[in-house]
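Novice:
Okay, here's the thing in structure tokens:
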């Protein structure tokens, strides 16, 4: 007989996004932090494969916190939250048979972690501001209008503007369920023409610490 599970937290309503942005703990969580107890067996095994402690800390903190967040909405124990992947080329992570409509997305980069939970498809992304050289490498992959907007900026402002744009783009593509299997040039996510952004989605940057950019994308329910 399956035990009855009771959610601890009301799920987000339509149009709401519950967003958490944080940094992993400084200590080696793989060895001493109880966050490890929140992982399932596959995640714990994956954590053990990381060579560098900082990468292990980030992975464990991200996935354990995601499971603890989802546990509050579903009533499951964190390490028993039933997770799977959607069909398709990207295989977006998802809850299996959630008790209420519940979508989530996770992103982590260079010690910053973001988790978004919503009643509708959602994507989140965090990135460290890149070097000017890295921006120049990626610019040709962008939508033509995005390239024009970035080229019009002073060189000193371009890396931060690019990071804000790229996090919007990745958040949208993750919410869409394709990730970068869809060309970054296919959709306009620039600053100057908000009406030209993808219909049916709200895509916005969110404030984070200096040196990083973050964004969230949330699909609207049809009316």
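Numbering (our numbering), first residue to last: -10 to 212. Heads up, the beta-carbon is just placed ideally off N, CA and C, and yes, glycines get one too. None of the values given here were measured: they were computed from a predicted structure.
1) Going by beta carbon distance, what residues of the same chain come within less than 7 Å of residue 155, once the five residues before and after it are set aside?
2) Can the beta-carbon of residue 7 be found closer than 7 Å to that of residue 106?
3) Can you tell me where the alpha helix (DSSP H) with residue 124 in it begins and where it stops?
4) Take residue 215 as the anchor and find which of 204, 166, 197, 179 has the nearest alpha-carbon.
5) Using a Cβ-Cβ cut-off of 7 Å (strictly less than) and excluding sequence neighbours within five positions of residue 26, which residues of its own chain qualify?
6) What are the partner residues of residue 93, as DSSP defines its beta bridges?
7) Quick one, are the C-beta atoms of residue 114 and residue 159 less than 7 Å apart?
8) Ordered along the chain, which non-local residues of its own chain (more than five positions away) have a Cβ less than 8 Å from that of residue 200?
9) Do three or more CB pairs link the segment 122 to 141 to the segment 169 to 184 at distances below 8 Å?
10) Does DSSP put residue -8 in a helix, a strand or coil?
11) Return the residue from the list 64, 36, 49, 52 that minimises the CA-CA distance to residue 0.
12) May I have the straight-line CA-CA distance separating residue 153 from residue 193, to the nearest angstrom?
13) On a Cα-Cα basis, can you pick out the residue from 52, 206, 9 that is closest to residue 189?
14) Hey, residue 111 and residue 94 are a contact pair by Cβ (cut 8 Å); roughly how many whole angstroms apart?
15) Please confirm whether residue 100 and residue 85 have their CB atoms less than 7 Å apart.
16) Mind checking which residues open and close the beta strand (DSSP E) that includes residue 206?
17) May I have the straight-line CA-CA distance separating residue -2 from residue 87, to the nearest angstrom?
18) Here's the rule I'm using: 16 or more other beta-carbon atoms within 10 Å means buried, otherwise exposed. How should residue -10 be labelled?
Specialist: Judging by the given coordinates:
1) Excluding sequence neighbours, residue 155 sits near 116.
2) Yes.
3) Under the DSSP assignment, residue 124 falls in the alpha helix (DSSP H) whose first and last residues are 121 to 127.
4) Residue 215 cannot be examined here, being either before or after the span of the chain that is shown, -10 to 212.
5) Excluding residues within five positions, the ones whose Cβ falls inside 7 Å are 68.
6) Per DSSP, 106.
7) Contact: yes.
8) For residue 200, where only same-chain residues beyond five positions count, the Cβ hits under 8 Å are 117, 118.
9) Yes, since at least three Cβ pairs between the segment 122 to 141 and the segment 169 to 184 fall closer than 8 Å, the two stretches touch.
10) Unreliable placement is indicated for residue -8, whose pLDDT of 44 sits below 50; no coordinate value is reported for it.
11) Residue 0 has its Cα closest to that of 64, out of 64, 36, 49, 52.
12) Taking the straight line from one Cα to the other gives about 9 Å.
13) For residue 189, the closest C-alpha among the options 52, 206, 9 is that of 206.
14) Sure, about 5 Å apart at Cβ, within 8 Å.
15) Residue 100 places its beta carbon 7 Å or farther from that of residue 85.
16) First-last of the beta strand (DSSP E) with residue 206: 201 to 208.
17) Taking the straight line joining both Cα atoms gives about 14 Å.
18) For residue -10, the predicted structure reports a pLDDT of 29, less than 50, and the residue's modelled location is therefore unreliable. The matter cannot be settled from this model.
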